[in-house]
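First to last, the protein sequences are chains A and W.
Numbering that gives the first Met the number 0 puts the first residue of the first sequence at 0, with every later residue one more than the last.
Numbering that gives the first Met the number 0 puts the first residue of the second sequence at 0, with every later residue one more than the last.
Just so you know, even glycine gets a beta-carbon here, dropped at the ideal spot from N, CA and C.
Bear in mind the structure is a predicted one, so any value in this text is a computation, not a measurement.
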Amino acid sequence: MRRLINQRPGRGSALLLSMLPFIIVVCAYFYYSHARLLENPGDKLLPAPATIAATLHQFAFEEDERTGDYLFWTDTVASLERLGIALSISAVLGLSLGLAIGVLPYLRVTIAPFVAAVSLIPPLAVLPVLFIAVGLGELAKVTLIVIGVAPLIVRDLAMRTAELPGEQIIKAQTLGASTWQLVIRVVLPQMWPRLIDVLRLSLGSAWLFLIAAEAIASTEGLGYRIFLVRRYLAMDVILPYVAWITLLAFAMDWLLRVIRAKAFAWAAPQ
Amino acid sequence: MTQVTVKHLWKEFSGQVVLENVSLHVGDHEFVTIVGASGCGKTTFLKMLLGVESPSRGTFLIDGEPLASEPGPDRGIVFQRYSLFPHLTVMKNLMLGLELRDSRLFGRLFGAARRRAVERARELLDAVGLQTAADKYPAQLSGGMQQRLSIAQSVICEPKILLLDEPFGALDPGIKSDIHTLILKLWNMNKMTIFMVTHDLQESFALGTRLLVFDKVRLDPQSPEAFGATITFNIPLKGHRSPQ
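Below, the structure written as structure tokens:
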């Protein structure tokens, strides 16, 4: 009998095993939903799969009576737009500021402590400030996500930049590189895959801030819808929405990982 | 013509004397090998030549000019490791020096200028025997190939001085002798001055036209940091200068 640490599943069984927890959760839901509904057909906590499917169909493929929108899709587009804009701004901020801090000692001593302090402000605590200062519109929601995510990206990229071997930086100078050339030919190209890594790590908190902002002040969006229907205990809306958010987040993570592997083959772990 | 002159050079780090009273003159197209025990200032001396350390006292002149206080294109360097750019292919690593020199704004060449740079890089790639690896990334190369590339990369901009910091320390003996032949070839081609720090005494005698031994001449057992090392032997060697 080999040690447990040396026993590895084959491809097929690895796939099966990775599916197992999902299957268990789904089966458990079916079982308990069925049991509860047998006891009380009016139970709202664990709606039957058929009820969920019907509700989802209504949200995704039937026009809303009041607005004429397909709510599921307008919510999705609104949320993804906010998330996309906020993450783009955070990435640009993180890359430019992080690189500058990592490369320029004067900038490092000037703003690195400031960025470190800002990154410790709980973003949700400044949400009221945002609402007061910039109103309840899109700007407040995007700003909340940026405040929550950008400092982490800045600090991470500054650290990664500082971690580049000193030999490389010296070598580039002996090849005649100016500070600017060093940044665009040596540092920046090596930071792209690191940016993708830290974006993947930030996705979780970005969604958190998005949903928090939407829950408080919004007229559309995935987070808004969940908190709206909460009043009617509409688990048949909330559950598929949560699953959909999870799927979207997973897809974004997967996409970033694929981009990193394809576009930056040199940075693949050996 | 490159002349390196050092007069009464001292280097101290917060009270610890590393080098004391070093004087030296190195003429044009010399191959200087530097040996000595660990911690006796060989690498510090090289770092001063490179411009990342500055002398505490004394003069350090290259062609009569005081040493620049930062690295520059007149002094190339090959470290033992990490001197290649992992995100660039072999070819692009090699072209980088030319691109940085000729395109100050973008650090990239286009069109005819790029074709000329590719051609120059390809010549050098052939010279160091890496023509088949042009499209590989450094991580895909063996240690010996990486050092060949690193040397070629430093030589492409024709520096006056090439500094080698234990460049072959991590290589197998067989690969070492190949790369010795290569470095002598490039040295004779470019007529540069080479300073090489090494642990390998045999290597230092075989390659150099001048061997410097760094050692401490005075030692205070109560405070070993009170005295620094200096050049205890400065031995002219036959070397491998090709006939003019």
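Under 7 Å by beta carbon: chain A residues contacting residue i
i: W:PHE78; result: GLU166
i: W:GLU69; result: GLN172
i: W:PRO72; result: THR173, LEU174, GLY175
i: W:VAL51; result: ILE169
Rounded separation between residue i and residue j - CA only
i: A:ALA264; j: A:MET190; result: 13 Å
i: A:LEU37; j: A:ILE51; result: 17 Å
i: A:LEU3; j: A:LEU119; result: 42 Å
i: A:GLY175; j: W:PRO166; result: 21 Å
i: W:GLN221; j: A:GLY165; result: 35 Å
i: W:HIS179; j: A:ILE84; result: 56 Å
i: W:PRO235; j: W:ARG56; result: 27 Å
i: W:GLY28; j: A:ALA267; result: Note on residue identity: the sequence assigns His, not Gly, to residue 28 of chain W. One C-alpha to the other measures close to 42 Å.
i: W:PRO65; j: W:GLY38; result: 26 Å
i: W:MET144; j: W:LEU129; result: 7 Å
i: A:GLY147; j: A:ASP42; result: 38 Å
i: W:ALA36; j: A:MET0; result: 52 Å
i: W:SER153; j: A:VAL114; result: 38 Å
i: A:LEU14; j: A:GLN6; result: 16 Å
i: A:ALA214; j: A:GLY9; result: 45 Å
i: W:MET0; j: W:ALA112; result: 28 Å
i: A:VAL117; j: A:ALA111; result: 10 Å
i: A:VAL102; j: A:TRP179; result: 10 Å
i: A:LEU96; j: A:GLN167; result: 21 Å
i: A:ALA250; j: A:ILE237; result: 20 Å
i: A:PRO127; j: A:THR142; result: 12 Å
i: A:ASP196; j: A:VAL108; result: 26 Å
i: A:ASN39; j: A:TYR231; result: 17 Å
i: A:LEU279; j: A:GLY220; result: No statement about residue 279 of chain A is possible, as the shown extent of chain A runs from 0 to 269 and does not include it.
Paired residues, beta bridge with residue i - DSSP
i: W:THR4; result: W:HIS24, W:LEU60
i: W:LEU211; result: W:ILE33, W:ASN233
i: W:MET195; result: W:THR32, W:LEU163
i: W:LYS10; result: W:LEU18
i: W:ARG114; result: Paired residues: none, contrary to the question.
i: W:GLY75; result: W:LEU161
i: W:ALA228; result: W:LEU18, W:LYS215
i: W:PRO172; result: DSSP, once it has assigned bridges, lists no residue as partnering W:PRO172.
Residue from the options whose Cα sits closest to the Cα of residue i
i: W:ARG80; options: W:ALA138, W:GLU64, W:LEU99; result: W:ALA138
i: A:LEU55; options: A:VAL76, A:VAL153, A:GLU64, A:TRP72; result: A:TRP72
i: A:ARG259; options: A:ARG193, A:THR245, A:LEU79; result: A:ARG193
i: W:ASN187; options: W:ARG103, W:VAL21, W:ARG240, W:ASP101; result: W:ARG240
i: W:MET191; options: W:ARG74, W:THR180, W:LYS159, W:LYS41; result: W:LYS159
i: A:VAL241; options: A:SER17, A:GLN167, A:ASP68, A:ILE210; result: A:ILE210
i: A:SER204; options: A:LEU181, A:ILE144, A:PHE226; result: A:ILE144
i: W:ARG115; options: W:ARG103, W:PHE105, W:GLU98, W:LEU206; result: W:GLU98
i: W:THR58; options: W:GLY14, W:THR4, W:PRO70, W:VAL77; result: W:THR4
i: A:ILE244; options: A:SER78, A:SER32, A:PRO20; result: A:SER78
i: W:LEU261; options: W:ILE193, W:LEU183, W:HIS198, W:ARG119; result: Limits of chain W in this structure are 0 at one end and 243 at the other, which puts residue 261 of chain W out of reach.
i: A:GLY222; options: A:ALA27, A:ASP74, A:CYS26, A:GLY67; result: A:ASP74
i: W:PHE232; options: W:LEU218, W:ASP219, W:PHE213; result: W:PHE213
i: W:ASP177; options: W:TYR136, W:GLY26, W:ALA126, W:LEU161; result: W:ALA126
i: W:LYS267; options: W:SER203, W:LYS10, W:ARG217; result: It is not possible to answer for residue 267 of chain W, since the shown part of chain W is limited to 0 through 243.
i: A:LEU82; options: A:PRO150, A:PHE208, A:ILE23; result: A:PHE208
i: W:LEU183; options: W:LEU206, W:MET90, W:GLN201; result: W:LEU206
i: W:PHE215; options: W:VAL17, W:GLN2, W:SER13; result: Sequence check: residue 215 of chain W is Lys here, not Phe. Taking only the C-alpha atoms, the option nearest W:LYS215 is W:VAL17.
Beta-carbon proximity list for residue i, same chain, < 6 Å, skipping 5 on both sides
i: W:PHE84; result: ASN92
i: W:ASP73; result: PRO158, LYS159
i: W:GLN15; result: GLU224
i: W:ASN20; result: HIS7, THR229
i: A:SER217; result: TYR223
i: A:PRO239; result: ILE51, LEU55
7 Å Cβ cut-off: residues of chain W touching residue i
i: A:PRO188; result: HIS86
i: A:VAL185; result: PHE84
i: A:ASP72; result: In the sequence as displayed, the identity of residue 72 of chain A is Trp instead of Asp. Correct list: empty, because the minimum Cβ distance to chain W is about 40 Å.
Contact list for residue i against chain W, beta-carbon separation under 9 Å
i: A:GLY101; result: Within chain W, no residue comes near A:GLY101; the closest Cβ sits about 16 Å away, beyond 9 Å.
i: A:GLN180; result: GLU98, LEU99, SER102, ARG103, LEU104, PHE105, GLY106
Interface residues of chain A facing residue i [CB-CB closer than 8 Å]
i: W:CYS156; result: LEU174, GLY175
i: W:SER153; result: LYS170, THR173, LEU174
Listed by chain order, chain A residues near residue i by CB distance under 9 Å
i: W:GLY75; result: LYS170, THR173, LEU174
i: W:ARG100; result: LEU174, GLY175
i: W:LEU95; result: ALA171, LEU174, ALA176, ARG184, VAL185
Own chain partners of residue i with C-beta closer than 8 Å, once the 5 adjacent residues on each side are dropped
i: A:LEU98; result: LEU156, ALA157, THR160, VAL182, VAL186, LEU187, MET190
i: W:VAL77; result: GLN146, SER149, ILE150, SER153, LEU161, LEU162, LEU163, ASP164, PRO166
i: W:ALA120; result: MET90, LEU93, MET94, LEU97, ILE155
i: A:LEU106; result: ALA99, ILE100
Beta-carbon contacts of residue i that lie in its chain and below 7 Å, excluding the five residues immediately before and after
i: W:ARG107; result: GLU98
i: W:ALA132; result: VAL89, LEU140, MET144
8 Å Cβ cut-off: residues of chain W touching residue i
i: A:TRP243; result: The premise fails here: A:TRP243 is roughly 37 Å from chain W at the closest Cβ pair, so nothing lies under 8 Å.
Short CB-CB distance (under 8 Å) between residue i and chain D
i: W:ALA138; result: You won't find chain D in this structure, because its protein chains are A and W.
Closer than 7 Å: residue i CB and nearest the ligand FAD heavy atom
i: A:PHE113; result: Here there are no bound small molecules, and the ligand FAD is not part of this structure.
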